[in-house]
Ligand code: ADE
């Protein structure tokens, strides 16, 4: 998969791209992540990318030209364009699973007070990562890129992906490691007696219990 992220703040992605699982996935050519500064596409002599809003109001608005030209130069028949905006569809694991099949994602990060509404015409999907306002789409782009990359074949083990929260609309079961007794807080006996049928039953019932307790909405 190739992911092009359009931003005015490319250096925000330095840490994200240079650590751990994402770094390894890039090195192994499972994903190519391309950070594109759409200011480079501005035809304005001063490389301006924003302007005052028609009708008045505070703040500056991202203009169409740099983003349209940038998307059009990157787009192929395999591309799927995502616009990050707080009024988009709320992101979740189901959307992550639906996006992992694309060969090429183009992710547009908004910034400042907003973007010219005509920029929405470029998008196949508008996404929000939650009901709160970020200063821009960069953190949302990292969240989405991370959640999709880890689903790509060969990035993390199939076993890890099978037993994690939100599969079958259930949260994950609790896990423990050594020591068996930490300050008097003991690991459940069922996990240390070697009976795998019992362990499976315990884990399933814990998934249900925890989901009911923390996220009853997932069960409806
Ligand atoms: N840009 C600003 N806030 C956002 C949010 N919650 N999700 C996606 N993009 C955003």
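Numbering (the numbering used here), first residue to last: 6 to 225.
Note that CB positions come from ideal geometry on N, CA and C, so glycine has one too.
*How is the alpha helix (DSSP H) around residue 74 delimited, first residue to last?*
69-79
*Compute the distance between the beta-carbons of residue 149 and residue 111, then report whether it is under 9 angstroms.*
no
*How far does the alpha helix (DSSP H) with residue 175 in it reach, from first residue to last?*
Where residue 175 is concerned, there is no enclosing alpha helix (DSSP H), given that its DSSP letter is neither H nor E.
*Nearest residue (CA-CA) to residue 44, options 55, 36 and 37*: Just measuring C-alpha positions, the residue of 55, 36 and 37 sitting nearest residue 44 is 55.
_To the nearest angstrom, how far is the alpha carbon of residue 31 from that of residue 12?_
C-alpha separation (whole angstroms): 19 angstroms.
*Could you tell me whether any Cβ in chain C is nearer than 9 angstroms to the Cβ of residue 187?*
Judged by its chain identifiers, the structure shown contains no chain C, having just a single protein chain.
*Pick out whichever of 169, 106, 132 and 123 has its Cα sitting closest to the Cα of residue 208.*
169
*Any chance the segment 118-127 sits against the segment 54-70, with 3 or more Cβ pairs inside 8 angstroms?*
yes
_Does the segment 71-84 come into contact with the segment 18-29, if we say contact requires no fewer than three beta-carbon pairs (one atom in each stretch) closer than 8 angstroms?_
no
*In terms of residue numbering, what span does the alpha helix (DSSP H) encompassing residue 208 cover?*
Residue range 201-219 is occupied by the alpha helix (DSSP H) that includes residue 208.
*Within 9 angstroms, strictly: CB atoms of residue 204 and residue 179*: no
_Ignoring anything shorter than 3 residues, give me the beta strand (DSSP E) runs that lie fully in the segment 116-174, in order along the chain._
130-133
*Within 10 angstroms of the Cβ of residue 138, are there 16 or more other Cβ atoms? Answer buried if so, exposed if not.*
exposed
*In this structure, does DSSP put residue 187 in helix, strand or coil?*
strand
*Hey, would you say residue 124 sits closer than 9 angstroms to residue 72, going by beta carbons?*
yes
*Quick one: Cα of residue 46 to Cα of residue 99, how far?*
34 angstroms
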